[in-house]
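Structure, as structure tokens:
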Amino acid sequence: GMVVSVEPGYYKAGAYGIRIENLVCVTADNAAMADTDKDLLKFETLTLAPIDRALIDTGLMDESEIAWTNDYHARVRAEIAPLVDAATARWLEQATQPL
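The opening position of the sequence shown corresponds to residue 14 in this note's numbering, with each subsequent residue numbered one higher.
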């Protein structure tokens, strides 16, 4: 149940920096534990906001990273769209399109 932040980033000295920050909760990975006698943990993402597509270069990503981003955006859209007004939902639909 511990909440931590995952903050991958890149900083160019004297020029700029960029960071994508998400909060995650550490939880038991019951599915993975079924195959082993060890206690295993996983991260459950708590922060649900689109990652700006203009900052993503898919040429630097492998297929698993693209799939993770697309799955994350699908979850953001599914969970947040019902909670916002129509204009925001339209923006969210565009912001979370598959890469």
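For every residue, glycine included, the Cβ atom is placed at its ideal position computed from N, Cα and C.
This one's a predicted model, so the numbers in the text were calculated from it and none came from an experiment.
Residue of Asp98, Asp75, Leu96 and Leu61 minimising C-alpha distance to threonine 109
Leu61
Inspect the beta-carbon positions of isoleucine 79 and leucine 112 and report whether they are closer than 8 Å.
yes
By DSSP's criteria, lysine 25 is part of a beta bridge. Which residues make up the other side?
Bridge partners of lysine 25: Tyr29.
Measuring CB atoms only, is the stretch 83-94 touching the stretch 42-50, in the sense that at least three cross pairs come out at less than 8 Å?
no
In terms of alpha-carbon separation, which member of Gln107, Ala100 and Gly14 lies closest to leucine 54?
Of the listed residues, the one whose Cα sits closest to leucine 54 is Gly14.
Roughly how far, in whole angstroms, is the beta-carbon of isoleucine 31 from the beta-carbon of leucine 68, given that I think they are within contact range, below 8 Å?
7 Å
CA nearest to the CA of valine 39, picked from Trp81, Asp48 and Asp52:
Asp52
Helix, strand or coil, according to DSSP, for alanine 44 in the structure here?
helix
Any idea what DSSP makes of glutamate 78, helix, strand or coil?
helix
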